[in-house]
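When we follow the UniProt record's numbering, the leftmost residue of the sequence shown carries the number 1, and every step to the right adds one. C-beta: ideal position from N, C-alpha, C; glycine also. The structure under discussion appears below in the form of structure tokens.
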Amino acid sequence: MKIKGYRRPDGKFGIRNHVLILPCSLCASETARFAAQKTEGAVYVANQGGCSLSRRDLKVTLETLSGLAANPNVYGTVLVGNGCEVVQASLLAERIREKTCKPLEVLVLREEGGSLKAEEHIIELAKAMRKQADLLPLQEADISELVMGTECGGSDPTSGLAANPVVGKCSDLLVSHGGTVILSETPEMIGAEKILAARCEKQDVKEKLLKTIKDFEEDFLCVGENPRNGNPTPGNIAGGITTLEEKSLGCVHKAGTTVIREVVGYGEPISEKGLVVMDTPGQDVASIVGMAAAGAQVAVFTTGHGTPTGSGLIPVIKLTANQETARLMADNIDYDCSPVLTQGKELETAGEELFEMVLRVARGEKPKAELLGFQDVSMARYCNFA
């Protein structure tokens with residue numbers, strides 16, 4: 001079974017061929033955005049951080065930004081620094097080069113003589129990179145090279161009853177073909193720890209999984225907060241979800257039934273094939289960004305109430321099992337699996353249909369969030385700005 005895309009010099013395979021304009025910090029972000037808007041075929045990652053960071057957040061930020069540049073869907077990166085930020089352009093460039101040998105250009109606003117001159121130079125570099133990217137031939141690769149992120153947002157009871165189990169069937173199919181699936185959203189594993197731990201064959205993987213979930217909750221408790229104060233959300237509760245534990249039991253269905261091979265930190269590279277758990281927040285966009293930084297080329301995203309978010313780097317496929325949401329948000333929903341609940345459609349059938357859609361997207365078809373141009377960005381962080 002084949003997918004289509006582009007072989008990178010580091011050996012990875014991308015299903016898109018983006019030129020990325022990547023700011024090191026908030027202070028360089030607007031200049032980078034202006035340049036991206038004037039460069040056809042370039043994508044831009046908004047960066048609201050990059051400065052006044054704790055050591056822990058600096059590590060996460062460097063891991064995430066370098067991972068986005070290394071994502072297989074990216075041909076090359078134009079890195080834009082301001083000059084005085086914590087995430088120095090030279091430091092981030094070093095991290096990127098540790099992960100990939102793809103094209104990388106680096107410039108700093110102060111050294112360019114200000115934002116207008118820097119913008120002109122960014123556009124020049126990005127257009128030259130775009131020309132080179134367009135010369136790459138479209139190739140085929142085995143589906144075993146595909147890494148699929150899974151996400152749920154705006155969940156309601158139809159998510160846990162049908163949409164997430166449909167994703168689980170799709171996940172099992174991809175793993176059976178040698179591919180990789182990422183289960184994200186650590187807070188939505190609280191209450192389902194024992195279920196997930198039972199699926200870890202290796203003791204060290206099981207211990208890391210349980211520690212990851214425990215640490216997430218303790219990070220809140222140590223500052224007098226509780227993750228349950230923000231999760232479930234008002235939308236979840238209005239839809240009928242009553243507790244975080246109840247939400248978790250629906251969330252983990254996205255992982256299917258296979259063995260958990262690895263547990264990784266936010267945005268960290270994946271070294272195992274099969275099912276992988278990533279430590280991410282419950283916030284949808286930050287979760288997608290973390291999985292993209294880890295190397296996911298595509299994501300499937302279930303929603304009950306409906307959410308339009310997408311990514312500029314990886315195509316995001318939206319599905320719902322809520323018939324009303326499918327009707328009201330037809331502009332945003334790619335796959336309506338509500339017949340599982342309303343017409344008795346088998347989960348296996350719906351999972352196979354979703355899997356076929358993932359294949360089509362991995363061969364070039366664009367889901368609605370990609371067609372609409374969504375480029376939502378948020379990154380996980382632990383502390384307030386210093």
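Check                                                                                                                                                       : Outcome
For Gln88, which of Val74, Gly50, Met189 and Leu319 has the nearest alpha-carbon?                                                                           : Gly50
Shortest alpha-carbon distance to Asp279 belongs to which of Ala42, Ile3 and Thr186?                                                                        : Thr186
Please confirm if the stretch 208-221 is in contact with the stretch 155-163, defined as three or more CB-CB distances below 8 Å between the two stretches. : no
By how many angstroms is the C-alpha of Thr61 removed from the C-alpha of Pro72?                                                                            : 19 Å
How many Å lie between Asn236 and Gly11 at the Cα?                                                                                                          : 42 Å
Does the beta-carbon of Gly267 have 16 or more other beta-carbons within 10 angstroms, so that it is buried, or is it exposed?                              : buried
Looking at the strands, I want to know which residues DSSP matches up with Lys4.                                                                            : Glu140
Spatial neighbours of Thr325 within its chain, please: C-beta separation below 6 Å, excluding the five flanking residues on both sides.                     : Gly306
I want to see whether chain D comes within less than 7 Å of Ile314, judged by CB atoms only; does it?                                                       : Structure shown: chain D not included; a single protein chain is present.
Could you pull the start and end residues of the beta strand (DSSP E) that His18 belongs to?                                                                : His18 to Pro23
Closest to Val80 by CA distance: which of Cys200, Leu107 and Arg33 is it?                                                                                   : Leu107
If you drop the 5 nearest sequence neighbours on each side, which residues of the same chain put their C-beta closer than 6 Å to that of Ala36?             : Ile21, Ala42 and Tyr44
If you draw a straight line from the alpha carbon of Pro339 to that of Tyr6, how long is it in whole angstroms?                                             : 36 Å
Evaluate contact between the stretch 162-181 and the stretch 312-330, counting only Cβ atoms and requiring at least three cross-stretch pairs below 8 Å.    : yes
Just the Cα atoms here: how many angstroms apart are Leu109 and Lys2?                                                                                       : 43 Å
Which residue marks the beginning of the alpha helix (DSSP H) containing Val358, and which one marks its end?                                               : Leu347 to Val361
Taking the alpha carbon of residue 408 as the point to measure from, which residue in Pro9, Val298 and Asp331 has its own alpha carbon closest?             : Given that the chain is displayed from residue 1 to residue 386, the structure contains no residue 408 and the question cannot be resolved.
Return the chain-ordered ranges of every alpha helix (DSSP H) run that is complete within the stretch 78-142 and spans a minimum of 4 residues.             : 89-99, 109-112 and 115-134
Is the beta carbon of Lys254 closer than 7 Å to that of Thr180?                                                                                             : no
For Ile122 and Val78, I'd like the C-alpha separation in whole angstroms.                                                                                   : 7 Å
Let's test the definition: count the other Cβ atoms within 10 Å of the Cβ of Gly256 and tell me whether it reaches 16, buried, or not, exposed.             : buried
Can you tell me whether DSSP reads Thr233 as helix, strand or coil?                                                                                         : coil
Between Asp172 and the rest of its own chain, which residues show a CB-CB distance below 8 Å, the 5 nearest in sequence each way excluded?                  : Gly256, Thr257, Thr258 and Gly351
Is it right to say Phe385 is buried, meaning 16 or more other beta carbons lie within 10 angstroms of its own, or is it exposed?                            : exposed
What residue from Val316, Lys345, Cys383 and Leu328 has the CA that sits closest to Arg360's CA?                                                            : Val316
Taking Val358 and Val300 to be in contact with their CB atoms under 8 Å, please state how far apart those CB atoms are, rounded to whole angstroms.         : 7 Å
Please state whether DSSP places Glu145 in a helix, a strand or coil.                                                                                       : helix
I'd like to know whether the C-beta atoms of Gly191 and Ser155 end up nearer to each other than 7 Å.                                                        : no
What does DSSP give as the partner residue(s) for Ala299 in the beta ladder?                                                                                : Gly149 and Val316
For a test of the three-state rule: what should DSSP assign to Arg261, helix, strand or coil?                                                               : strand
Quick one: is Glu370 buried, meaning 16 or more other Cβ sit within 10 Å of its Cβ, or exposed?                                                             : buried
In the DSSP output, what is Val340 paired with across the bridge?                                                                                           : Partner(s): none; Val340 has no beta bridge.
Which residues bound the beta strand (DSSP E) around Met278?                                                                                                : Gly274 to Met278
For the beta strand (DSSP E) holding Ala42, just list the boundary residues, first then last.                                                               : Ala42 to Tyr44
Under the rule that 16 or more other beta-carbon atoms within 10 Å means buried, what is Asn17, buried or exposed?                                          : buried
Cα-Cα, which of Glu193, Gln343, Leu53 and Ser184 is closest to Gln283?                                                                                      : Ser184
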